[in-house]
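Colleague:
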Amino acid sequence: MLTSPRVAILQSKPRKGAYAENLRAAGEAFAQIVAGGGADLVVLPEGALTGYFLEGAVYELALPVFRIADDLARTWREAGGARADIVSGFYEDDGGTYYNSAIFVEVDAIGERIAHVHRKLFLPTYGVFDEERFLSRGRSLKTFQTRFGRAAMLICEDIWHSIVPTIAALKDARILIVPSAAPGRGIEGTRDELTSVTHWRNILTSTAAEHGVYIVYAGLTGFEGGKGLSGSSAIVDPFGRLVVQTNMTEPCIVDGTLDMDEVDMARASMPLLGDLRSVLPDLLLDDELPLPRGRHDAHGR
Amino acid sequence: MLTVVSHALDDDVTPPRINGRVAADWLTHFILDEIRTRRAMNAAVIGLSGGVDSAVTAYLCARALGPQNVHAFRLPYATSSPSSLDDAQTVADALGIHLRTIPITGAVDGYLQYEPDADARRRGNVMARTRMLVLFDQSAKLGGLPVGTGNKTERMLGYFTWHADDTPPINPLGDLFKTQVWALARYLGVPAALIDKAPSADLEAGQTDEGDLGITYARADAILRVMLLGYNDAQLVRRGFDPADVAVVRRRVESTHWKRHLPTTAMLSNTAINEFYLRPVDF
């Protein structure tokens, strides 16, 4: 078990729709990561290799899972990378059904293994967002084993719904990996950042502290048709402390090392997750909750 | 006696706030990404009217691209105010950007001589569209991108010439209310004379924006800030806005939605552009 995995977040700024060019750029960044001593976990944002706002072009750019796994693994190996786990957001083509997905692929010198694919659960479809016009939503939240502990991937809005990281933590996730493409907005704040970035940081730090989990957040950057993706990639420790957070507007690599023992320390000092496990059955057995219950539902009592 | 900690509801009748540093940095990156990264161009072409909107646009472009890559144009008609020309010169001198003056009187009068009865509104529209013709031609000549200068208030109130002021392919200020543009101008160091003077389209002698609109920008912006969130008129009045002001703003917003869209195209197929065939502008 790796207790101190080294993480590299690649805050990318893709050219819209130019998959091959963006993959080459990722390869150059991979080479830089390798030259800097490598990484155990490399995380790319949502839409990292295509851009985020694709509209109908998503059908032209979506890829089968095996293809993105192969491309990421080959690019990592060609950059000279040794054993590493790579996470990237991508648009998934599952035989004509399309998802906003994240892949976790384990790569070594001779091959790769797809450890997990998460399909985004919450597809924002309001205001500037129109994901569900083009995409199907995921139907499950799974955690999965990694070399540094059990993990879950949540994509962007997934983590805004507190029940999602809560379920991941209840399913023993010790690290949440969050590829994201967040359109920045809000210029009325007093901090030297967009208010949407402040809001995101509040979500990440409060979520990490509540459940005693590491959060690795990879934010897309660059302007897409006037909408600026707000970067701000970050690592938050299980006490809710912001370990590192980068800028809103420039592509970069965030290099950080996690201490997975901190997960135990955080949960021991503030046993909120244990308390939740104890109380949760009572909460969920509440008949007033709109949950399916056998042949009845909340509205059919 | 206990200390009372009180909280009043937000004072919603004030104009929107702005963090000048955040807005300036964000818009600088927007200009860089749109001109250099996306289009592999290196220069901006701006019509410099002497007003605060085009001044702020020039300041932002100079920050993003360097002053040597900003080509500003004064495009006066015979009746344009000499002080506007002076103010444009002040901006160009302060920034060290290129400035050229091309009078549009000959081009405008070349057409209007056949329409001697054209009223002020028609004449103003011809001038605005002539200016845009010049800027696009200079764009082709210089290899620079025309950069728009319209703000959110005038866009929402429909106070602009369709297919003239709104035609440049990028617009840094289009999501900033006029009062925010003033605040951003102060942050950027735009000369106070440009910020403090009464805004004017300068299409007729003595014309002012607020005179044309029938409401001050401060009052209009305070209303728009809330109205655009979806509040109806009764809710706005309950929040403390003057009913007459609300009516002025509502009438202008509701009668000008068409100016904020591309021309209406009859749909005949399931590949109609922007209806079924949907591709982002930067694809």
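So the protein sequences, as listed, match chains A and B. When the letters of the first sequence are read in order and numbered with the numbering used here, they come out as residues 88 to 388. When the letters of the second sequence are read in order and numbered with the numbering used here, they come out as residues 284 to 566. Virtual Cβ for every residue (Gly too), placed ideally from N, Cα, C.
Tell me whether the beta-carbon of Glu108 (chain A) lies closer than 8 Å to the beta-carbon of Gly176 (chain A).
Modeller: The residue you call residue 108 (chain A) lines up with position 21 of the first sequence. The residue you call residue 176 (chain A) lines up with position 89 of the first sequence. Their beta carbons are not under 8 Å apart, which means Glu108 (chain A) does not touch Gly176 (chain A) by this criterion.
Colleague: Which runs of the alpha helix (DSSP H), 4 residues or longer, sit entirely within the region 313-357 of chain A?
Modeller: Correct list: 348-356.
Colleague: Taking its Cβ as the centre, do 16 or more other Cβ atoms sit within 10 Å of Leu440 (chain B), making it buried, or is it exposed?
Modeller: For the purposes of this step, residue 440 (chain B) is identified with residue 157 of the second sequence, where counting begins at 1. So Leu440 (chain B) counts as buried.
Colleague: May I ask you to list, following chain order, the residues of the region 250-275 of chain A that have a beta carbon less than 9 Å from some beta carbon of chain B?
Modeller: If the cut-off is 9 Å between Cβ atoms, the region 250-275 of chain A has Gly271, Arg272, Gly273, Ile274 and Glu275 near chain B.
Colleague: Around the Cβ of Arg388 (chain A), are there at least 16 other Cβ atoms within 10 angstroms (buried) or fewer (exposed)?
Modeller: Along the first sequence, read from residue 1 onward, the residue named residue 388 (chain A) stands at position 301. Low local confidence applies: a pLDDT of 44 at Arg388 (chain A) is under 50, so the model's placement there is unreliable, with the coordinate-based value given in what follows. When all chains shown are included, Arg388 (chain A) counts as exposed.
Colleague: Taking Met510 (chain B) as the reference, which of B:Ala501, B:Asp485 and B:Val536 has the closest Cα?
Modeller: One-based indexing of the second sequence puts residue 510 (chain B) at position 227. The shortest Cα separation from Met510 (chain B) among B:Ala501, B:Asp485 and B:Val536 belongs to B:Val536.
Colleague: Determine which residues of the region 135-161 of chain A have a Cβ less than 9 Å from any Cβ of chain B, and write them out in chain order.
Modeller: Those would be Gly138, Phe140, Leu141, Glu142, Gly143 and Ala144, in chain order.
Colleague: Contact defined as beta carbons within less than 8 Å: I believe Leu148 (chain A) pairs with Tyr106 (chain A). What is the distance between those atoms, to the nearest angstrom?
Modeller: Start at 1 with the first residue of the first sequence, and residue 148 (chain A) comes out as number 61. Start at 1 with the first residue of the first sequence, and residue 106 (chain A) comes out as number 19. That pair is a contact at about 6 Å.
Colleague: Following the continuous alpha helix (DSSP H) through Pro429 (chain B), name the residue where it begins and the one where it ends.
Modeller: Locating residue 429 (chain B) in the second sequence gives position 146, where the first residue counts as 1. Premise fails: Pro429 (chain B) lies in the beta strand (DSSP E), Gly427 to Pro429, not in any alpha helix (DSSP H).
Colleague: I need the DSSP call for Ala345 (chain B), collapsed to helix, strand or coil.
Modeller: Working through the second sequence from its first residue, we reach residue 345 (chain B) at position 62. The answer is helix: DSSP assigns Ala345 (chain B) an H, G or I state.
Colleague: Thinking just about the alpha-carbon of each residue, which of B:Tyr442, B:Cys344, B:Leu496 and B:Ile556 is nearest to the one in Val529 (chain B)?
Modeller: Here residue 529 (chain B) is taken as the residue at index 246 of the second sequence, counted from 1. For Val529 (chain B), the nearest C-alpha among the options comes from B:Leu496.
Colleague: Looking only at its own chain, which residues have a Cβ that is under 7 Å from the Cβ of Ala256 (chain A), when we skip the five neighbours before and after it?
Modeller: In the first sequence, residue 256 (chain A) corresponds to position 169, counting from 1. Same-chain partners within the cutoff: His298, Val300 and Leu360.
Colleague: Quick one: list the residues of chain A neighbouring Leu561 (chain B), beta-carbon separation under 7 Å, in chain order.
Modeller: On the second sequence, residue 561 (chain B) is found 278 positions in, with the first residue counted as 1. The answer, in chain order, is Glu142 and Gly143.
Colleague: Quick check on Leu329 (chain A) - is its C-beta less than 8 Å from some C-beta in chain B?
Modeller: Residue 329 (chain A) sits at position 242 when you count from the first residue of the first sequence. Not an interface residue.
Colleague: Name the residues in the region 305-317 of chain A whose C-beta lies less than 8 Å from a C-beta of chain B; which are they?
Modeller: Per Cβ criterion, the list reads Gly309, Phe310, Glu311, Gly312, Gly313 and Gly315.
Colleague: With a Cβ-Cβ cutoff of 8 Å, do Leu358 (chain B) and Ile329 (chain B) count as a contact?
Modeller: Residue 358 (chain B) sits at position 75 when you count from the first residue of the second sequence. Residue 329 (chain B) sits at position 46 when you count from the first residue of the second sequence. No, these two residues do not count as a Cβ contact at 8 Å.
Colleague: Does the beta carbon of Phe524 (chain B) sit closer than 8 Å to a beta carbon anywhere in chain A?
Modeller: Here residue 524 (chain B) is taken as the residue at index 241 of the second sequence, counted from 1. Answer no: the Cβ-Cβ gap between Phe524 (chain B) and chain A never drops below 8 Å.
Colleague: If we call anything under 8 Å between Cβ atoms a contact, is Pro92 (chain A) one with Leu128 (chain A)?
Modeller: Numbered from its first residue, the first sequence carries residue 92 (chain A) at position 5. Numbered from its first residue, the first sequence carries residue 128 (chain A) at position 41. Contact: yes.
Colleague: Please check if any C-beta of chain B sits within less than 8 Å of the C-beta of Thr285 (chain A).
Modeller: What you label residue 285 (chain A) is simply residue 198 of the first sequence in a count that begins at 1. Output row for Thr285 (chain A): interface = no.
Colleague: To the nearest angstrom, report how far apart Cys339 (chain A) and Val94 (chain A) are at their CA atoms.
Modeller: Here the question's residue 339 (chain A) lines up with position 252 in the first sequence. Here the question's residue 94 (chain A) lines up with position 7 in the first sequence. C-alpha separation (whole angstroms): 13 Å.
Colleague: Bridge partners for Tyr500 (chain B) per DSSP, in chain order?
Modeller: As a working note, residue 500 (chain B) is residue 217 in the second sequence. Answer is none; Tyr500 (chain B) lacks a bridge partner.
Colleague: Taking 8 Å as the CB-CB cut-off, is Thr333 (chain A) touching chain B?
Modeller: For the purposes of this step, residue 333 (chain A) is identified with residue 246 of the first sequence, where counting begins at 1. So, not an interface residue.
Colleague: Out of curiosity, what's the CA-to-CA distance linking Arg562 (chain B) and Gly143 (chain A)?
Modeller: Start at 1 with the first residue of the second sequence, and residue 562 (chain B) comes out as number 279. Start at 1 with the first residue of the first sequence, and residue 143 (chain A) comes out as number 56. Computed Cα separation, rounded: 6 Å.
Colleague: Can you pull the chain B neighbours of Asp104 (chain A), defined as C-beta to C-beta under 7 Å?
Modeller: As a working note, residue 104 (chain A) is residue 17 in the first sequence. In the sequence as presented, Asp is not what sits at residue 104 (chain A); that position holds Gly. Correct list: Phe566.
Colleague: Mind the definition here: the region 475-494 of chain B touches the region 366-377 of chain B only if three or more C-beta pairs lie below 8 Å; say whether that holds.
Modeller: Yes: at least three Cβ pairs fall under 8 Å.
Colleague: Take Asp158 (chain A) as the anchor and find which of A:Glu193, A:Leu378 and A:Ala305 has the nearest alpha-carbon.
Modeller: By 1-based counting over the first sequence, the position of residue 158 (chain A) is 71. The residue with the shortest Cα to Cα distance from Asp158 (chain A) is A:Glu193.
Colleague: I think Asp369 (chain A) touches Glu349 (chain A), with their Cβ atoms under 8 Å apart; what is that distance to the nearest whole Å?
Modeller: Your numbering for residue 369 (chain A) matches position 282 in the first sequence. Your numbering for residue 349 (chain A) matches position 262 in the first sequence. Not a contact, Cβ separation roughly 30 Å.
Colleague: Where Gln518 (chain B) and Phe460 (chain B) are concerned, what is the direct C-alpha to C-alpha distance, given to the nearest angstrom?
Modeller: Stepping through the second sequence from its first residue, residue 518 (chain B) is reached at position 235. Stepping through the second sequence from its first residue, residue 460 (chain B) is reached at position 177. About 21 Å.
Colleague: Can you tell me which of the three DSSP states Ser267 (chain A) falls into?
Modeller: Numbered from its first residue, the first sequence carries residue 267 (chain A) at position 180. In this structure, Ser267 (chain A) counts as strand in the three-state DSSP scheme.
Colleague: Are three or more beta carbon pairs between the region 300-316 of chain A and the region 258-270 of chain A nearer than 8 Å?
Modeller: Cβ pair count under 8 Å is three or more, so yes.
Colleague: Given this structure, state the Cα-to-Cα distance separating Glu244 (chain A) from Leu97 (chain A), to the nearest angstrom.
Modeller: The residue labelled residue 244 (chain A) in the question sits at position 157 within the first sequence. The residue labelled residue 97 (chain A) in the question sits at position 10 within the first sequence. About 20 Å.
Colleague: Which residues, in chain order, does the region 285-305 of chain B contribute to contact with chain A at a C-beta distance below 9 Å?
Modeller: Residues passing the 9 Å Cβ filter: Pro299, Arg300, Ile301, Asn302, Gly303, Arg304 and Val305.
Colleague: With which residues is His203 (chain A) paired in a DSSP beta bridge?
Modeller: For this step, residue 203 (chain A) is matched to residue 116 along the first sequence. Answer is A:Phe191.
Colleague: Please confirm whether Glu317 (chain B) has its beta-carbon closer than 8 Å to some beta-carbon of chain A.
Modeller: On the second sequence, position 34 is the one that residue 317 (chain B) refers to. So yes, Glu317 (chain B) belongs to the interface.
Colleague: Kindly list the residues whose CB is nearer than 6 Å to the CB of Gly138 (chain A), restricted to its own chain and excluding five residues on each side of it in sequence; keep chain order.
Modeller: For the purposes of this step, residue 138 (chain A) is taken as the residue at position 51 of the first sequence. Closer than 6 Å at the Cβ level, and outside the excluded window around Gly138 (chain A), lie Pro101, Lys103 and Glu311.
Colleague: Rank A:Phe231, A:Leu363 and A:Gly236 by C-alpha distance to the C-alpha of Met88 (chain A) and give the top, closest one.
Modeller: As a working note, residue 88 (chain A) is residue 1 in the first sequence. For the residues A:Phe231, A:Leu363 and A:Gly236, the minimum Cα distance to Met88 (chain A) belongs to A:Gly236.
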